[in-house]
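Below is one structure, written out as structure tokens, with a few remarks after it.
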Amino acid sequence: MKNITNKIQGLKADIKELMKEIEDIIDKLIINNGNNPEWRQEYLDSINETTLHIHDLYIQERTLIIEEYKRISSLSQNMKIQKKTVLMDIKILKSKLNIYSRDIKVKQTNKNTKSDQIRKSESKI
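Add 2 to the 1-based position in the sequence shown for my numbering, that's all there is to it.
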């Protein structure tokens, strides 16, 4: 995740730099009043190329964001599945514990009943 965040930040920095280039070119156009047709066309071509490059960087950024979203979504799904599995395991263990507890109580009751019967029979003697 850190790697993707760094890539996105790098793309944003590149985009800012290119936007600054466009601003500088526009400033040159304003200073020259666009009087020189060759310069004007060169500046406009440069703006177009830079704009296309910025567009490509935005697409790369969006692609990275989508990939990261998919990765996080997949991890989230896996965690939900693991949580369900653990909860089911806990329910099973709880059921087994209840069964063992009942068995112990039944055995204890049987043992107590036998002890009582032995005492009664001994007292009769």
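We put the beta carbon where it would ideally sit given N, CA and C, even for glycine.
Q | CB of Ile56 within 7 Å of CB of Ile17, strictly | A | Position 54 of the sequence shown holds residue 56. Position 15 of the sequence shown holds residue 17. Yes.
Q) Apart from the five residues just before and just after Leu13, which ones in its own chain have a Cβ nearer than 7 Å to its Cβ? A) In the sequence shown, residue 13 corresponds to position 11, counting from 1. Closer than 7 Å at Cβ, skipping near neighbours: Leu59, Gln62, Glu63.
Q: Flag Gln84 as yes if its beta-carbon sits less than 7 Å from any beta-carbon of chain D, otherwise no.
A: In the structure shown, chain D cannot be found, because there is only a single protein chain.
Q | Cβ-Cβ separation, Asn35 to Trp41 (assumed contact under 8 Å), whole Å | A | As a working note, residue 41 is residue 39 in the sequence shown. As a working note, residue 35 is residue 33 in the sequence shown. Trp41 to Asn35, Cβ: 11 Å. No contact.
Q) Where does Asn37 fall in DSSP's three states? A) Against the sequence shown, residue 37 aligns to sequence position 35. In this structure, Asn37 counts as coil in the three-state DSSP scheme.
Q. Three or more beta-carbon pairs under 8 Å between the segment 21-30 and the segment 69-84, yes or no?
A. no
Q: Grab me the residues of Leu20's own chain with a C-beta within less than 7 Å of its C-beta, minus the 5 sequence neighbours each way, in chain order.
A: Here residue 20 corresponds to residue number 18 of the sequence shown, with the count starting at 1. Cβ neighbours of Leu20 beyond the five flanking positions: Thr52, His55, Ile56.
Q: Entirely within the segment 12-89 and at least 4 residues each: give me those alpha helix (DSSP H) ranges in chain order.
A: none
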